[in-house]
Amino acid sequence: MYKLLVPVSMVLAQMLAVGAYAQSKGEADPEQSKAAPAARATPAEKAAAKAARKAEGAQAAKNEPPADATNKTMGNAKAATKEERAAAKQQRKATAAAAVKKGETTSGEK
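Numbering (my numbering), first residue to last: 33 to 142.
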């Protein structure tokens, strides 16, 4: 056991030491690490850029072709009225209640 533990611990220590030596000291290189300072945009410049982006987006939305009307991946859901949904809900509840009453469906642990 001792013959196995000592070499494994030495290898582990070397692996940890390599990672520790590879780390920097946390000091930034002042010439290359910092970006060149840029002047902050004025509110007027921001508004002009926003208006340009908005106009470009509106133009792109107008020029975009409409979606394929026969696209099968979109599905074909049937729009049901409020009354139809309520009737379907009542039917499901009645079916479930009848099944629970007969003992076909377990409700919780017994």
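For every residue, glycine included, the Cβ atom is placed at its ideal position computed from N, Cα and C.
What do you reckon, are the CB atoms on Thr137 and Ala126 nearer than 8 Å? Stepping through the sequence shown from its first residue, residue 137 is reached at position 105. Stepping through the sequence shown from its first residue, residue 126 is reached at position 94. No, Cβ-Cβ distance for Thr137 and Ala126 is not below 8 Å.
Can you give me the C-alpha to C-alpha distance between Asn103 and Ala109, rounded to a whole angstrom? As a working note, residue 103 is residue 71 in the sequence shown. As a working note, residue 109 is residue 77 in the sequence shown. Near 13 Å, if we compare the C-alpha coordinates of Ala109 and Asn103.
Whose C-beta lies closer than 7 Å to the C-beta of Ala83 among residues of the same chain, with five residues either side of it excluded? Residue numbering aside, residue 83 sits at position 51 when the sequence shown is read from its first letter. When the five nearest sequence neighbours on each side are left out, no beta carbon in the same chain lies closer than 7 Å to the beta carbon of Ala83.
Beta-carbon within less than 7 Å of Ala118's beta-carbon, same chain only, minus the 5 sequence neighbours each way: which residues are those? As a first step, residue 118 is located in the sequence shown; it is residue number 86 there, counting from the start. So the list is empty, once near-sequence residues are dropped.
Just the Cα atoms here: how many angstroms apart are Ala120 and Thr105? The sequence position of residue 120 within the sequence shown is 88, counting from 1. The sequence position of residue 105 within the sequence shown is 73, counting from 1. Rounded to whole angstroms, the gap between the alpha carbons of Ala120 and Thr105 is 26 Å.
Determine the DSSP secondary structure at Ala68, reduced to helix, strand or coil. As a first step, residue 68 is located in the sequence shown; it is residue number 36 there, counting from the start. Residue state, collapsed to three classes: coil.
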